Amino acid sequence: MTFPTFKFDVADEQRTQAIAQNLADAVKKASPQGVVIHLEGDLGAGKTTFSRYFIQTLGHSGAVKSPTYTLVEPYELDEVNVYHFDLYRLADPEELEFMGIRDYFGTNTVCLVEWPERGGALLATADITITIKLEENIRCFTLTAEGEVGAGILTVAFACEA
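Going by my numbering, the sequence shown opens with residue 15, and the numbers climb by one from there.
What follows is the structure in structure tokens.
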């Protein structure tokens with residue numbers, strides 16, 4: 015079965031914000047089974063900026079800081095718990111086992127994982143993979159559903175833009 019992919023060329027931060035808000039609004043409408051989003055891209059591609067707008071749209075009113083040094087920043091919101099991971103500084107995937115990584119992926123959670131390739135097999139499978147590539151002054155966003163849950167969310171979020 016083929017799942018949907020949506021591509022966007024983004025020239026400014028306002029468009030990044032709009033994509034994050036659309037996706038977060040669609041996640042709010044999804045069932046509370048939990049959603050895992052992998053964010054891929056080079057340093058400076060915009061993964062943390064995207065995450066900030068996404069988390070704020072889900073209901074967090076404070077600052078959203080990069081979890082580069084802590085590996086994970088939790089956000090306990092009214093309707094969902096959000097866990098924002100940044101695995102860039104992860105030395106060994108086994109570190110995730112010591113921090114109880116499996117406890118984060120459950121019902122009524124949204125997990126945003128930057129640098130998922132560094133987590134190896136210990137990470138939960140993504141429902142949606144977002145790849146951000148910098149090409150001159152344009153950020154190229156590719157959002158790919160990795161299963162039925164992701165397909166439903168992306169279709170709600172971006173069907174009118176297809």
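Each residue gets a CB set at the ideal place from its N, CA and C atoms; glycine is no exception. Keep in mind it's a predicted model, so treat the numbers as computed, not measured.
Neighbourhood of residue i by C-beta, 6 Å cutoff - its chain only, sequence neighbours within 5 removed
i, result
"Leu11", "The chain is shown from 15 up to 176; residue 11 falls before or after that span and cannot be answered."
"Lys21", "Thr156"
"Arg132", "Leu101, Leu104"
"Phe172", "Phe20"
"Ile51", "Leu126, Ile142"
Buried/exposed call for residue i, threshold 16 Cβ in 10 Å
i, result
"Asp56", "exposed"
"Cys174", "exposed"
"Ile33", "buried"
Per DSSP, cross-strand counterpart(s) of residue i
i, result
"Ile152", "Glu149"
"Ala126", "One point to set straight first is that residue 126 is Leu, not Ala, in the sequence displayed. Per DSSP, Ile51, His98."
Collapsed DSSP secondary structure at residue i in the structure displayed
i, result
"Val24", "strand"
"Ala159", "strand"
"Tyr89", "strand"
"Asp100", "strand"
"Thr19", "strand"
"Thr143", "strand"
Of the residues the options, the one placed nearest residue i, counting alpha carbons only
i, options, result
"Met113", "Gly166, Val124, Phe99, Val163", "Phe99"
"Ile146", "Thr16, Pro18, Thr30", "Thr30"
"Phe68", "Asp26, Leu126, Thr143, Glu108", "Leu126"
"Gly166", "His74, Ala32, Asp92, Leu37", "Leu37"
"Phe119", "Ala138, Pro107, Glu111, Trp129", "Ala138"
"Gly48", "Thr63, Ser75, Cys154, Asp117", "Asp117"
"Glu90", "Ile115, Val124, Ser80", "Val124"
"Pro70", "Asp92, Leu53, Val86", "The sequence shown places Gln at residue 70, rather than the Pro named in the question. Gln70 has its Cα closest to that of Asp92, out of Asp92, Leu53, Val86."
Neighbourhood of residue i by C-beta, 7 Å cutoff - its chain only, sequence neighbours within 5 removed
i, result
"Leu168", "Pro18, Phe20, Ile142, Leu157, Ala159"
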